[in-house]
Structure formats: C-alpha cells, structure tokens
Amino acid sequence: MGLAFAPADYQQGNSFRIMYIHVPAAILAQSCYMSMSVAGAVVLIWRIKLAEMVLKCIAPFGASVTFLALVTGGIWGYPTWGTWWVWDARSTSMLILLFLYFGVIALQAAIANPSGAARAGALLALVGVVNIPIIKYSVEWWNTLHQPATFTLTEKPAMPVEMWLPLLIMVLAFYLIFTVVLIMRTRNEILVREHKTNWVRKLVEASGSTNSSNTGTPAGHNGSGQ
Amino acid sequence: MPQALLRAENLRFEYDDLLLFEQLSFSVMPGEVVYIEGPNGSGKTTLLKILSGLIDPIEGQVYWQDKPINRGARTYQQAMLYQGHQSGIKDSLSARENLKWLMSLKGLRDVGQIEEALAASNLAGFEDIPCGHLSAGQKRRVGLARLLINDDNHQTAEKLWILDEPFTAIDKSGVAALEATINKHAQRGGMVMITTHQEMQLTVPTQRIVLG
Amino acid sequence: MYWYSIKTMIGRELLIAARYPAEVLNPLVFFLMVVTLFPLGISPEPEFLAKIAGPVIWIAALLAMMLSLDSLFKNDFDDGSLAQLLITPSPLAVLILVKVLTHWFTTVFPIILLAPLLGAMLQLPAEGYRALLLTLLLGTPIISLIGAIGAALTVGLHRGGVLLSLIVLPLFIPILVFGTGAIEAATLAMQYNGQLAMLSAMLLIALLVTPIATAAALKISINN
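The following block contains the structure:
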C-alpha cells in the first residue's frame, strides 16, 4: 500500500519503499516480545490457561516478524550502503531479540507437558524482558565504541507527510495482522488443547456433518481450525 | 473428638489431557495411617507430591490445620516429611553427611541421633561410606533412617509422613522394622500417607484411598 | 536462625565438589584449550594477540561456564535431593543463592585464577591485568546467577545442555560487552570505572532477583 503511493526518495530512489515493511516489522517485533511477557506474567501469577495458549502462539509469530525485519533491513541496506549486514546497534539488538525468541520457542518445544512448557516459557520471557533494556543499552554503548559514527541509523531525516502517513498506516496494518493472526492461532490452539472435551467434539461432529452433506453453510468458521 | 489435621478438598489433576483424579476429598485424623492404592499410572505418586506441596493441583486445595498448605507453608513444611521414589540420598556423600544435610533443611542439628538411627537401621559401620557404594536396600534404609531420627524427638518431630513405596528393595527384617516404626509413630498421634503393594500388620486405625 | 542450614549447605556443596574433582577440572581444561585455539586458528602474531587477548579470555571463560552450569541442579534432580530442598521450611531463595555461589567458587574461581597466565600467553598488555581480573570477578557471578535460572528451567530435560546455552547466551551479551570494553579501555590507558559500575549494578540486581526466579523455575521443572 505505502509501497505504491509514497514518492521516491531523492537520495535512495525507489529502494527505500521496503521501509514500509521493514519499520513496521521492527516495531512489531519488539511489541510482540512485550505482549509475550505480559502473557507470561498472567500465566505465572493467575495461571489462566488461555494466556498459556496465547504465549505459545506469540513466540513463533514474533520470531518471524523479527526475521522479516532483519531480512528487509538487509535488502534495504544493500543498494543503500552496499552491504547486506552492518554491525550497527539496531541490527545487532534485533538479532539478539531473534535469539531471545528462539530460546523461548526451543524451551517450549522441549517440554512435553503443555502447561509446564507454557510456564517455563513464561518465566524465560519475563527474564528476557528485564534484560532487553540492558542489552539495548550495552549494544548501543558497544556500537559507539567500535564504530565512530560513519553513519547513524538512529537519526532519521525529517520525512514529508506523504511518506510518513503511509508508514503510520502500515504500522497500524501490521498490528492488525498481528491481532488477527494471534486470535486465529489461539483459537486453533484452544481446539488442540481441549480436543478431548465435549464441546470440541460436538463442534467437530457438527462441522463434519455439514461438510459431508454439503449444505453450503460455512462450516470452517468455527470448527475446522487453520 | 479430635480434629482432622490434614484435609484435601476437591483435588483435580490431569497430565497432558489425561485425567488422573477429580473431586478427590479426604481428611486425615491424628494417629491414622492412610493407604493410597491404585494401578500403575493412576496418580498415586502425583497425589503424594501434591500433598507434600511439591506440585499444585489443577483444582482444589490441601489444608493443614485449616490453613491452605501453600500459604504459610513453613509450619506445614516443618511438620511434614516427604520421601519420594528417589530418597534424596546423594551417592558421593556418606550416610552421615546425607542425613546431616537433610536434617539441616529442617533447621535440626545432629547431636548423636544420626548415629543411633543408623545403628537401629542395621547400618552400623556404614556411617562414613559414600552411599554410592551401598546396596539399593541399604541406600533406601539410609533414607528411612530419617523417620527414626524424628521419632526420637517429640517436639520437633514431623507429624505427617508422606512415603512413596518405602518398601522397595528392603528385606524382610527391614519391612518388619519399618512396620514397627510406622505403628509407633501413629500411636503417638502421627499420621502416615503411604503407597505400597505390601500389606502391613498395623494396630492403628487405617484409611484407604483408591485411585484409578 | 537459619545460619545452620546455610552453613551445612555450603559444606555439602564443597564436599561434593571435592569428591568429584572432574567437575572442577574439566571446565578448566576446556577453558585452556579454547584459548589455545585462537593463536593456532588466527595468528600467533604478538600485536594481534595483544588486541584480542581480553575478549578471547572472556569468551572462553563464558563457554567453559556453560559446561559446568548444566550440572548445577542435575544430580540433585536425579537423586531426589532437589525435591527435599524445594520443600524446606528454611528460606529457599537464600539456600539457592548459597548453592549457586558455592558452585561459582568451585568451578569458576579456578578459571579466574588461571586467566592471568593465559593473558601472558596471549601478550595481554600489562595495563590490562587488573581490568581482566576485576571484570571476571564481577561479571562471572552474574553469569552463574542468570545461568542458574536457565539450568533450573532445563533440569528435567534429557538433552538440556544445548538448550541451556541457547536460552541463556543472549542474556550474557551485556556482561561480555562491558567486561571486554573495560579491558580494552584499560589497555588504552583510559578510565573504565563506568564499565565496572555497570557490572557491579548488574551483579547487585542479579544477587537480589535471580534466586527467586531460579526457585520459581525449579518448581516449574519439578512439575513436568
């Protein structure tokens, strides 16, 4: 959307348009971790089963968004600075964030008992969220030490309205995607976790019968999952 | 009429979607021995872990002297002795060192009880050998010597023993000795929750909880 | 009132370490070997080595610690003494703190003692030694304390070793950055009080917070 309507940058030409994916992805990558740790706190304090499922669903999504931000950053960086990767503070922090996601995913995958996996992941997410500001600070400090400001990504040149408005819309769009995907994944997770309960069985039976008899009702809207 | 010291209300536990028990309620009077029975995998060990406070039930609550055991846990933990499948005996430490550490967890000091308890458990002469060199039965007896230690000291003694398969790897004379210890403990008003395939000859009131 | 249980805990951990000297020696030998790989793998040129000496020692120490952290709670978990620890009426977080610090003393302190020797082998400039020792003394306990949370979360798992590294290594980045930054500043004859202050602050927070998190993690693991 922003890819098409915003004017070309006078320095970077059209390649800057990837910003409309890169920046929202980067912002979302961090918010995802925050929401994961909030879900984690809910799991540990109130032991709400739904939060366990939400937590399990956020981690892979957050990791993919972080990965997307890193890849688009590389694609953006190559025509602009002539290299796929620079060890600047932002890229490095983003890479470490990806590692933190990997840790939570791997830990959850290693524990068989779903509720135990969720609680272990929750604790790790909380430990991570406490560490993120320290990591960011240390990486920024490290960066100023080793790369005496050849170029900084932190200072953005002022953007005209026709450029930042699409960006804003893209950020909002990414948040909406996050919300929708999270709800869908969680719904699926609920069905998997509760597959032995009566209400899920009824749902599956109901959708199964409508499917086979071809009555035309949208059977998948609640039962068949993704 | 004496009051029940330990009370469980509406306990429910499931593991990985497998329901082990639900709506499980019972109470234990002073001086009572409770057998927990059921086939393998019916949740006996899990129930004992819940009673020890090691794991939390999915629903329900365990009360000690009418207080939930996870609140103000110290009173309960002081009054409870838990012996699981693994007896908590470390191979690289001797019987004496192991028992000393286990006692210190309860804030108790060894003033010769360990020596006595080990002697009474037929382990005289093995006090200072690393437990890794002992046989399975001897190791198990080191763990059970804790019961004798606390039996000798009325004031600080644990009132509730939670024993998971204590007879494993123990010979006939050991079984008889343990029976006598449990009898004596219950006669003094102590309580025992036990899983075992062994029928014990007891002279105290018993209760059975059947799972599965 | 609980001094006795704390004292007995320290004695027990030291005794166990003394009966299994391999637990202490293996990470130490590993540390030595990893450091040796750098001159062999990159270059034995003294000027180059002098530049990387601090970071190499730090990273090697970090990796050696990962090896020993894995076994922090594993034996106790297997023989049931962890369960006994978790239901103690004594303050659990304090006993865990004592356990982690004793473990640090038996497995990491020898590494720190060996570090100056390796510094000499890697041509670390004379100004760097004080910073090397100070950052290791302040930084490695933080690694033990945070690593203990990871060790507690992975204690019941069959292949916990790699997983443990995976979940805790990203958390050690700030410690590595400030540790090596201080050594570099020292070799350039600059002030490095700021880095030491950061490490001290992190150590203080870690001392207060991580034992509680580790206790919670152990309770989660014993549930599985």
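Protein chains in written order, with the numbering used here: chain A, 22 to 247; chain B, 243 to 454; chain C, 117 to 340.
A virtual CB, placed ideally from N, CA and C, is assigned to each residue, including glycine.
Can you name the residues of chain B whose CB is closer than 8 Å to the CB of residue i?
{"i": "glycine 276 (chain C)", "result": "Those do not exist, as glycine 276 (chain C) stays about 18 Å from chain B at its closest Cβ, beyond 8 Å."}
{"i": "isoleucine 132 (chain C)", "result": "Lys332, Ser334 and Leu335"}
What's the gap between the Cα of residue i and the Cα of residue j?
{"i": "aspartate 333 (chain B)", "j": "alanine 50 (chain A)", "result": "48 Å"}
{"i": "alanine 240 (chain A)", "j": "threonine 93 (chain A)", "result": "In this predicted model, alanine 240 (chain A) has a pLDDT of only 38, less than 50, meaning its place in the structure is not dependable; the value taken from the coordinates is given anyway. C-alpha separation (whole angstroms): 38 Å."}
{"i": "proline 81 (chain A)", "j": "methionine 205 (chain A)", "result": "14 Å"}
{"i": "leucine 344 (chain B)", "j": "leucine 350 (chain B)", "result": "9 Å"}
{"i": "methionine 57 (chain A)", "j": "alanine 418 (chain B)", "result": "56 Å"}
{"i": "valine 160 (chain A)", "j": "threonine 113 (chain A)", "result": "7 Å"}
{"i": "leucine 304 (chain C)", "j": "isoleucine 259 (chain C)", "result": "26 Å"}
{"i": "threonine 173 (chain C)", "j": "threonine 251 (chain C)", "result": "One point to set straight first is that residue 173 (chain C) is isoleucine, not threonine, in the sequence displayed. Roughly 11 Å between the two C-alpha positions."}
{"i": "isoleucine 126 (chain C)", "j": "lysine 215 (chain C)", "result": "7 Å"}
{"i": "valine 125 (chain A)", "j": "serine 187 (chain C)", "result": "21 Å"}
{"i": "aspartate 258 (chain B)", "j": "asparagine 134 (chain A)", "result": "6 Å"}
{"i": "leucine 203 (chain A)", "j": "leucine 128 (chain A)", "result": "20 Å"}
{"i": "isoleucine 297 (chain B)", "j": "lysine 291 (chain B)", "result": "6 Å"}
{"i": "methionine 442 (chain B)", "j": "alanine 422 (chain B)", "result": "10 Å"}
{"i": "methionine 182 (chain C)", "j": "glycine 295 (chain C)", "result": "17 Å"}
{"i": "valine 384 (chain B)", "j": "aspartate 195 (chain C)", "result": "13 Å"}
{"i": "methionine 149 (chain C)", "j": "valine 201 (chain A)", "result": "51 Å"}
{"i": "alanine 231 (chain C)", "j": "tyrosine 54 (chain A)", "result": "37 Å"}
{"i": "tryptophan 306 (chain B)", "j": "arginine 275 (chain C)", "result": "38 Å"}
{"i": "asparagine 312 (chain B)", "j": "leucine 376 (chain B)", "result": "36 Å"}
{"i": "methionine 314 (chain C)", "j": "leucine 179 (chain C)", "result": "22 Å"}
{"i": "isoleucine 391 (chain B)", "j": "leucine 341 (chain B)", "result": "9 Å"}
{"i": "glutamate 369 (chain B)", "j": "leucine 217 (chain C)", "result": "29 Å"}
At 9 Å on the CB atoms, spell out the chain B contacts of residue i, in chain order.
{"i": "asparagine 134 (chain A)", "result": "Tyr257 and Asp258"}
Going by C-alpha to C-alpha distance, which of the options sits closest to residue i?
{"i": "alanine 344 (chain C)", "options": "C:Thr270, C:Leu213, C:Ala305 and C:Arg128", "result": "The question about residue 344 (chain C) has no answer, for chain C in this structure spans 117 to 340."}
{"i": "valine 446 (chain B)", "options": "B:Ala315, B:Arg430, B:Gly454 and B:Pro299", "result": "B:Arg430"}
{"i": "glutamate 264 (chain B)", "options": "B:Gly285, B:Val275 and B:Met271", "result": "B:Gly285"}
{"i": "threonine 204 (chain C)", "options": "B:Asn364, B:Thr423, B:Tyr305 and B:Glu400", "result": "B:Glu400"}
{"i": "glutamate 251 (chain B)", "options": "B:Glu407, B:Asn364, B:Arg316 and B:Gln303", "result": "B:Gln303"}
{"i": "serine 184 (chain C)", "options": "C:Ile227, C:Gly196, C:Pro171 and C:Leu198", "result": "C:Ile227"}
{"i": "alanine 133 (chain C)", "options": "B:Leu335, B:Leu402, B:Gly432 and B:Gly454", "result": "B:Leu335"}
{"i": "leucine 405 (chain B)", "options": "B:Ser346, B:Gln355 and B:Met322", "result": "B:Met322"}
{"i": "leucine 71 (chain A)", "options": "A:Ala139, A:Val125 and A:Ala227", "result": "A:Ala139"}
{"i": "alanine 177 (chain C)", "options": "C:Ala236, C:Phe146 and C:Thr222", "result": "C:Phe146"}
{"i": "alanine 62 (chain A)", "options": "A:Asn219, A:Leu166, A:Lys223 and A:Leu144", "result": "A:Leu144"}
{"i": "alanine 267 (chain C)", "options": "C:Leu334, C:Ala199, C:Pro162 and C:Lys123", "result": "C:Leu334"}
{"i": "lysine 348 (chain B)", "options": "B:Ala366, B:Tyr324, B:Ser329 and B:Phe368", "result": "B:Tyr324"}
{"i": "lysine 77 (chain A)", "options": "A:Ser228, A:Ala110, A:Leu91 and A:Asn209", "result": "A:Asn209"}
{"i": "tryptophan 403 (chain B)", "options": "B:Ser363, B:Thr317 and B:Leu293", "result": "B:Leu293"}
{"i": "leucine 254 (chain C)", "options": "C:Leu141, C:Pro286 and C:Ala317", "result": "C:Ala317"}
{"i": "leucine 261 (chain C)", "options": "C:Leu285, C:Ser337 and C:Leu198", "result": "C:Leu285"}
{"i": "valine 293 (chain C)", "options": "A:Leu197, A:Phe195 and A:Lys157", "result": "A:Lys157"}
{"i": "proline 160 (chain C)", "options": "C:Ala236, C:Phe189 and C:Leu312", "result": "C:Ala236"}
Considering only DSSP beta bridges, list what residue i is partnered with.
{"i": "valine 201 (chain A)", "result": "None, per the DSSP bridge assignment."}
{"i": "glutamate 191 (chain B)", "result": "Residue 191 (chain B) lies beyond the residue range present for chain B, which begins at 243 and ends at 454; the question has no answer from this structure."}
{"i": "aspartate 406 (chain B)", "result": "B:Thr437"}
{"i": "leucine 323 (chain B)", "result": "B:Trp403"}
{"i": "lysine 123 (chain C)", "result": "For lysine 123 (chain C), which the question treats as bridged, DSSP gives no partner whatsoever."}
{"i": "tyrosine 305 (chain B)", "result": "B:Arg249 and B:Pro310"}
{"i": "serine 269 (chain B)", "result": "B:Arg249"}
{"i": "proline 372 (chain B)", "result": "B:Ser336"}
{"i": "glutamate 256 (chain B)", "result": "B:Leu261"}
{"i": "threonine 241 (chain B)", "result": "Because chain B in this structure spans residues 243 to 454, residue 241 (chain B) falls outside the shown range and cannot be described."}
Please list the partners that residue i has in chain C, where partner means a Cβ-to-Cβ separation under 7 Å.
{"i": "isoleucine 117 (chain A)", "result": "Pro286 and Ile289"}
{"i": "arginine 140 (chain A)", "result": "Ile336"}
{"i": "leucine 296 (chain B)", "result": "Ala199, Leu202, Ile203 and Ile338"}
{"i": "glycine 124 (chain A)", "result": "Leu282, Ile283 and Pro286"}
{"i": "glycine 137 (chain A)", "result": "Ile336, Asn339 and Asn340"}
{"i": "arginine 316 (chain B)", "result": "Pro205"}
Listing by chain order, which chain C residues have their CB less than 8 Å from the CB of residue i?
{"i": "glutamine 320 (chain B)", "result": "Pro205"}
{"i": "glutamate 339 (chain B)", "result": "Arg128 and Leu131"}
Against residue i, what residues of chain C qualify as contacts under a CB-to-CB distance less than 9 Å, listed in chain order?
{"i": "lysine 348 (chain B)", "result": "Ser121, Thr204, Pro205 and Ser206"}
{"i": "isoleucine 331 (chain B)", "result": "Asp195, Gly196 and Ser197"}
Is residue i near the ligand MG, going by C-beta to nearest heavy atom under 7 Å?
{"i": "valine 192 (chain A)", "result": "Inclusion of the ligand MG in the displayed structure is not the case, the ligand content being empty and no account of it being possible."}
Anything in chain A within Cβ reach of residue i, meaning under 9 Å, just list it in chain order.
{"i": "methionine 318 (chain C)", "result": "Ile155"}
Name, please, each residue of chain B whose Cβ falls closer than 7 Å to the Cβ of residue i.
{"i": "threonine 124 (chain C)", "result": "Lys342, Trp343 and Ser346"}
Quick one: which chain A residues come within Cβ less than 7 Å of residue i?
{"i": "glycine 329 (chain C)", "result": "Here residue 329 (chain C) is alanine; the residue named in the question, glycine, does not match the sequence. In chain order: Leu144 and Val148."}
Cβ pair count under 8 Å reaching 3, the region 369-386 of chain B against the region 411-426 of chain B: yes
Cβ contact check for the region 86-101 of chain A and the region 139-159 of chain A: 3 or more pairs under 8 Å: no
Touch test, the region 121-140 of chain C against the region 431-450 of chain B, Cβ-Cβ under 8 Å, three pairs minimum: no
Segment contact, 8 Å Cβ cut-off, at least three pairs: the region 37-47 of chain A with the region 188-195 of chain A: yes
Given 8 Å, three or more beta-carbon pairs between the region 353-360 of chain B and the region 217-235 of chain C: no
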